[in-house]
Structure formats: structure tokens, C-alpha cells
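Trainee: Quick one: the structure is below, questions incoming.
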Amino acid sequence: MILNAYSYLVVSVLIGLAYPAYCSTKALRKSEGDEHVQWLAYWVIYAILDAVDFIPDFLIGAWMPLYFELKIFTLLWLAIPTFNRTPGATQVYRLYMEPWLEANEGWVDESIEHLKQVRLDTLGQHLSAAQHYVMGLLGHKTAKEPQAKAASKEKPKETPKKTPADVPAPKAEEAAETNKNK
Numbered sequence: 001m002i003l004n005a006y007s008y009l010v011v012s013v014l015i016g017l018a019y020p021a022y023c024s025t026k027a028l029r030k031s032e033g034d035e036h037v038q039w040l041a042y043w044v045i046y047a048i049l050d051a052v053d054f055i056p057d058f059l060i061g062a063w064m065p066l067y068f069e070l071k072i073f074t075l076l077w078l079a080i081p082t083f084n085r086t087p088g089a090t091q092v093y094r095l096y097m098e099p100w101l102e103a104n105e106g107w108v109d110e111s112i113e114h115l116k117q118v119r120l121d122t123l124g125q126h127l128s129a130a131q132h133y134v135m136g137l138l139g140h141k142t143a144k145e146p147q148a149k150a151a152s153k154e155k156p157k158e159t160p161k162k163t164p165a166d167v168p169a170p171k172a173e174e175a176a177e178t179n180k181n182k
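In C-alpha cells:
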């Protein structure tokens, strides 16, 4: 194994982020050509891979020889034009992502609209409740409970105070015994 997880991070940032970011800014400055399409396709594919690559990292990264080198090669293939002068990201986008998006565009748009309609205050309440839950698990006391929890808590029932009229008078024998003990 030439690269370990830490050296892979340094190399992957250079190959997977720094170089494509530089090329993307150059493509944005040019008005002609399809370079901007190439880099948009790259960033879409990179984002998807970045979101799911922790799974194979966890499952096979520690024991598969040359695993991190394979990941570096994949980043290079995605970014740099290869055999037919088309970068791998553009190929993957056209072969897989574009057909999937065309078939599922309505569902994706509906899902996004549904997420946009979620009220921020409701989201804030859920986040606050999650924070208090986690803090409770860690044993930290919080100064303020979430409003949802505070509203749902019932006040303890107060026992009515007894007045002298409510207390029964002691029987004559009990009163006499109490006076003897004094």
C-alpha cells in the first residue's frame, strides 16, 4: 500500500478539488466551448461519489491493497480527458445520470418543492429537540428546554393545604395520652 488514508486525503484534495476548481474558474471565463459543461458534469459526479464513498472506505478500505490508489486513479479519470478526448465525468453523466434524471425529474422536483415548504420554525424546533436529546445523552444540563417539551409537560398536582377546620379533632383518649407524654 503506497497511500494510506491520510496521504490519500492530501492527494485527493489536490486532484479532486484544487485542480478541478482551477479549471472550472478558467472555463467560466471563456464564453466559447463546452468546457463549462465538462466541469459541471464533474462536480455533479464528484458530489455523488463524495456523499457515498465512506461506505466502501469503511467496508474495504482497510484491507484491499491499492484501494486509495484506485480512488486517485478514478478522480484522475473523471477530471482529465482520456482515450476519446472526453473526461470520465462527462461520460458517466451522459451514460447514467442524464437518463436517470430524465426518468425521475418529476419526482425529484416534487421532493425539492416539498422540502422547500417545510417551515423553518418547525425545523428549528426539531433541531432544538435533537440538541437537547444529545446533550441529555452526554449528561449535560441545558438551561432551556425545547418549547414542544415544555408545553407538553404537566404541572405536578398540588396537594391542597389542610385548614384547622379540615383536620379532625383528636379523640379524648389520644389527647390525654399526648398530654401525658409532654
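Taken in order, the sequence shown gives residues 1 to 182; the numbers are from full-length UniProt numbering.
C-beta: ideal position from N, C-alpha, C; glycine also.
The model shown is predicted, which means the values in this text are computed figures rather than measured ones.
(1) If we ignore side chains and look at the alpha-carbon of each, how far apart do Glu35 and Ala79 end up?
(2) For Phe72 versus Tyr19, is the C-beta distance shorter than 8 Å?
(3) Spell out the partners DSSP gives Pro87 in its beta bridges.
(4) Check whether the Cβ atoms of Ile15 and Leu75 lie closer than 8 Å to each other.
(5) Report, in whole angstroms, the separation of the C-beta atoms of Val44 and Tyr93, which I expect to be a contact under 8 Å.
(6) Which residues bound the alpha helix (DSSP H) around Ala27?
(7) Just the Cα atoms here: how many angstroms apart are Asn4 and Met64?
(8) What does the Cβ neighbour count give for Ala89, buried or exposed, with the cut at 16 atoms within 10 Å?
(9) For Trp107, name the three-state secondary structure that DSSP assigns.
(10) Please name the residue, chosen from Tyr22, Met97, Leu137 and Tyr133, that lies closest to Leu49 on a Cα-to-Cα basis.
(11) Taking the straight line between their C-alpha atoms, what separation do you get for Ala148 and Gln125?
(12) Report the rounded CA-to-CA distance for Glu102 versus Ile112, giving the unit in angstroms.
Mentor: If we stick to the structure as given:
(1) Walking along the sequence shown from the start, residue 35 turns up at place 35. Walking along the sequence shown from the start, residue 79 turns up at place 79. Their backbone Cα atoms lie some 11 Å apart in a straight line.
(2) On the sequence shown, position 72 is the one that residue 72 refers to. On the sequence shown, position 19 is the one that residue 19 refers to. The sequence shown places Ile at residue 72, not Phe. Contact flag unset, no.
(3) For this step, residue 87 is matched to residue 87 along the sequence shown. According to DSSP, Pro87 bridges with Pro81.
(4) For the purposes of this step, residue 15 is taken as residue 15 along the sequence shown, with counting starting at 1. For the purposes of this step, residue 75 is taken as residue 75 along the sequence shown, with counting starting at 1. Yes, these two residues count as a Cβ contact at 8 Å.
(5) Within the sequence shown, numbered from 1, the residue matching residue 44 stands at position 44. Within the sequence shown, numbered from 1, the residue matching residue 93 stands at position 93. Right, the Cβ-Cβ distance comes to about 6 Å (below 8 Å), so this counts as a contact.
(6) Numbered from 1 along the sequence shown, position 27 holds the residue referred to as residue 27. Ala27 -> alpha helix (DSSP H) spans Tyr19 to Arg29.
(7) Indexing the sequence shown from 1 puts residue 4 at position 4. Indexing the sequence shown from 1 puts residue 64 at position 64. Cα to Cα, the separation comes out at about 11 Å.
(8) In the sequence shown, residue 89 corresponds to position 89, counting from 1. Per the 10 Å Cβ criterion, buried.
(9) The residue labelled residue 107 in the question sits at position 107 within the sequence shown. Of the three classes helix, strand and coil, the one that applies to Trp107 here is helix, per DSSP.
(10) Within the sequence shown, residue 49 is the residue found at index 49, counting from 1. Relative to Leu49, the option among Tyr22, Met97, Leu137 and Tyr133 whose CA is nearest is Met97.
(11) Reading the sequence shown from its first residue, position 148 is the one you call residue 148. Reading the sequence shown from its first residue, position 125 is the one you call residue 125. For Ala148, the predicted structure reports a pLDDT of 48, less than 50, and the residue's modelled location is therefore unreliable. The matter cannot be settled from this model.
(12) Here the question's residue 102 lines up with position 102 in the sequence shown. Here the question's residue 112 lines up with position 112 in the sequence shown. CA-to-CA, the gap between Glu102 and Ile112 works out to about 16 Å.
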